[in-house]
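Have a look at the structure below, then the notes.
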Amino acid sequence: ILCDSATVTTTYFSANAEITTITMRQPTEKAEIIIQQDENPTDPFVLYGLSLNESTTGVRYHTFGVSGGQYKYFANNTPLFAEQVGSLKPDLLIISLGSNDAYGSGLTTETYEALILKLIQTVRTVSPQTEILLTTPPDLYYKKEKPASGNLVFESILKIGDTEKCAVWNFRTIMGGDNSMKKWQKKNLGSKDGLHLTRDGYIVQGQLLNLALAKTITSRYSLDDYWQMEIEKSIILSVAHTKRSKKHPKS
334 ILCDSATVTT TYFSANAEIT TITMRQPTEK AEIIIQQDEN PTDPFVLYGL SLNESTTGVR
394 YHTFGVSGGQ YKYFANNTPL FAEQVGSLKP DLLIISLGSN DAYGSGLTTE TYEALILKLI
454 QTVRTVSPQT EILLTTPPDL YYKKEKPASG NLVFESILKI GDTEKCAVWN FRTIMGGDNS
514 MKKWQKKNLG SKDGLHLTRD GYIVQGQLLN LALAKTITSR YSLDDYWQME IEKSIILSVA
574 HTKRSKKHPK S
């Protein structure tokens, strides 16, 4: 990998993967990166992702997942997940799974708790300093039926979070508890299928999680209440803005 006016370094973190860091020597608005093929390549080139980082302080946020994802996929079938978490060594890893598990058949408490525990242990093995935050699924129903394993999933996440000393963000309770999805649907925050949220609903969910994290930080560092009030105000304004945009679209 070549890039003019930059320092290029490569770190191998496994037999099959590497991280290339391109550090610009001075601020620039545009850079050309050239990837050259080896003369006798033995393996295909696969680009797993790019991260544009500034040297200033702040939050660096990575997100990854798969449609229909379940705990068993990340616990048993994703070796690259462990490798890449180990290379990133995040301060905080948020694991938000469970909705699809709730509709699985033949799920037992023992099996499901073992999957959650295995994933947590995998993360702690490759990145011991990483704090883990588990989230519970929202209130769910499909074709007017509650998922057969909904309560099992919910209780298992709470239990493992407690025994493994992981933080837990209890979204189902926060959104109103049992049957709260219907209330969210009336406010156009829950989708008609009862499984997902609407765009506005996901914005509210994200803002509520952001508020929970911010309150934890302000509590830990003893900041004044003004900042918390500003965060709560931003949630109200954000939701109001999305609704106004829907009623009065730009011409």
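Letter 200 of the sequence shown, counting from 1, is numbered 533 in my numbering, and no numbers are missing. Here a beta-carbon is modelled for each residue, glycine too, at the ideal position from N, C-alpha and C.
C-alpha gap between residue i and residue j, whole angstroms
| i | j | result |
| --- | --- | --- |
| residue 418 | residue 468 | 18 Å |
| residue 394 | residue 539 | 13 Å |
| residue 495 | residue 541 | 21 Å |
| residue 446 | residue 474 | 22 Å |
| residue 383 | residue 396 | 12 Å |
| residue 439 | residue 537 | 33 Å |
| residue 347 | residue 416 | 7 Å |
| residue 370 | residue 411 | 27 Å |
| residue 437 | residue 471 | 16 Å |
| residue 339 | residue 387 | 14 Å |
With 16 other Cβ atoms within 10 Å as the buried cut-off, status of residue i
| i | result |
| --- | --- |
| residue 454 | exposed |
| residue 381 | exposed |
| residue 342 | exposed |
| residue 487 | buried |
| residue 357 | exposed |
| residue 532 | exposed |
| residue 493 | buried |
| residue 367 | exposed |
| residue 413 | exposed |
Residues that residue i bridges to, as DSSP identifies them
| i | result |
| --- | --- |
| residue 464 | 425 |
| residue 597 | One cannot answer for residue 597 here, as it falls past the ends of the chain, which runs 334 to 584. |
| residue 357 | 339 |
Proximity winner among the options, relative to residue i (alpha-carbon distances)
| i | options | result |
| --- | --- | --- |
| residue 354 | 344, 413 and 360 | 344 |
| residue 479 | 493, 458 and 511 | 511 |
| residue 430 | 483, 457 and 380 | 483 |
| residue 500 | 387, 426, 459 and 509 | 426 |
| residue 596 | 403, 524 and 397 | Residue 596 lies beyond the residue range present for the chain, which begins at 334 and ends at 584; the question has no answer from this structure. |
| residue 420 | 507, 551, 504 and 351 | 351 |
| residue 502 | 549, 519 and 378 | 549 |
| residue 408 | 424, 524, 444 and 522 | 444 |
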